[in-house]
Each structure stands twice: as structure tokens, then as C-alpha cells.
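What follows is a short report on a single structure.
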Amino acid sequence: MITVYDMINMIQDEDLRTKVIKLLEDLHPLMVKQPASADKHHKHMGGFVAHTQEVMNIALRIWKDMSKHGELTCTMDDVILCSFVHDLDKLWRYAKNNGSFSRAKKGVAGREKWYEPEFMYDLDWPKIESSGVIASKCGEYGIKLTPQHIHAITFHHGGWSAMDKVPGPNNLSMLATILHAADILSAWILSEVVEYVPQVYGEMQAPSSE
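Residues in the sequence shown are numbered consecutively from 19, following the working numbering.
What follows is the structure in C-alpha cells.
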């Protein structure tokens, strides 16, 4: 898979590329420690990086294949940016499980077994607030998310987006549909069958924490 850094470096808008790289550099220490969920997919340390890398790769591949058949309503920059930041709020949502959080897991013959996930919910908020957290963090770096970006990020779970009124399939934008397809392929399939070390920088030295 293409590394997170290399995909961000593919952003055509030079000013946007510079700002997103800075965002990546500053958040890198958190990204490699946090999961993508507490009890669903990529729920291990570093799961956030794995899921983000997968979504970025899948979304970019979908966009490239679709662009061969005509003009699209979203650009490659839109796809890379939104797939990178779509779960950014999760960097502050989870904490190490202190023993107070447990989940039921289906066992043999339907019997449930209780287990304690590695991580637990520390902060939880509705999807629309997640979009606000993401937009706010991007704004700190001068990255202005457009209404199209906000729509895609808010509804990247498709019909599972926790909203009172979820747009029907025909009302999701092209960008939102691409992001949703990439997200569900990563969360439902790759998280179960693919084993690899996620890469943020690849051969490039990670930013110094000094």
C-alpha cells in the first residue's frame, strides 16, 4: 500500500499539501498509538493508522478508476484530504481500558463471552459533532473544509451515520459515496483478513518529537 505521507504528497494544491503535511507531522505521535475503534474494527494500538492508510488507498483507487470514464464532481485532492481526516476526531475519543469497559462477544453455538477491549470510550459524541471536531482541527492549520468535504465526512458511514435524517443513496455526493465505500471495505473486510505493518512515512524518517 502507498504510505499515508506519500498519498498526502500527491495533493496537487501546493498550499493545501503543505498544511496537510504539517497536520500529519504534528498528529503522528497520536496516530500510531490510537485505535480506530474501541470494540469494532482496527481496535488495537496503531489501528487508527492502519484504517486511515487503507481508506486513503481504496478511495484513491476508486477515484482513479472512475475518472477514466468521465469527469467527476470531486478532485483527487478532495479524496485524499477527506480520506485522511475522515476519522480525525477518534484521536481524542479513546483511552486505555481501565477495566471498567467490557463487551459481549459471540462464542460457540451463540453463547456470549465477555471480554475487555484494549481501549475504551473516553469521549463520545454524535457524528455531526465529530465533523465539527474535525473541521475545527483542520481550521487550526488553515485547512478550510468545503460544504462538500463536511458532507462526505459526516456521512462516510452511509446508512449507519448516526443522524436523524440520513440522505438516501441517491442523495449522497460522489465524494461521500467514494469515502463510504472505502471506509466500509477497510472496516468490514481488510480489518479481518489483512495483516501488515501500517506505514505513515515508509522509508522516510518520522518527524522528531524534540
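Where is the CB? At the ideal position from N, CA and C, for every residue including glycine.
If you look at Phe66, you'll find it in the alpha helix (DSSP H) that goes 65-85. Annotation: the continuous alpha helix (DSSP H) that includes Phe102 extends over 94-103.
Ser148 sits close to Asp107, with the two beta carbons spaced by under 8 Å. When the beta-carbon positions are compared, Asp95 and Leu163 stay at least 8 Å from each other. Taking 8 Å as the cut-off, the beta carbon of Leu78 is found closer than this to the beta carbon of Val97.
For Lys37, the CB contacts under 8 Å within the same chain, skipping 5 residues up- and downstream, are Tyr159, Gly160, Ile161 in chain order. Residue state for Gln30 is assigned as coil, using DSSP reduced to three classes. Look at Pro47 here: in three-state DSSP terms it is helix. Annotation: Leu190 to His175 spans about 11 Å, alpha carbon to alpha carbon.
By the neighbour-count definition (other C-beta atoms within 10 Å, threshold 16), His69 is a buried residue. Assignment of Arg35 by DSSP, reduced to helix, strand and coil, places it in the helix class.
Taking a C-beta distance under 8 Å as the contact criterion, Val103 and Gln71 do not qualify as a contact pair. For the pair Gln30 and Ile207, the Cα-to-Cα distance works out to about 30 Å. Per DSSP, His198 is one residue of the alpha helix (DSSP H) stretching across 192-203.
Thr195 and Ala153 have their C-alpha atoms roughly 19 Å apart. Leu197 is positioned such that its CB atom lies closer than 8 Å to that of Ala170.
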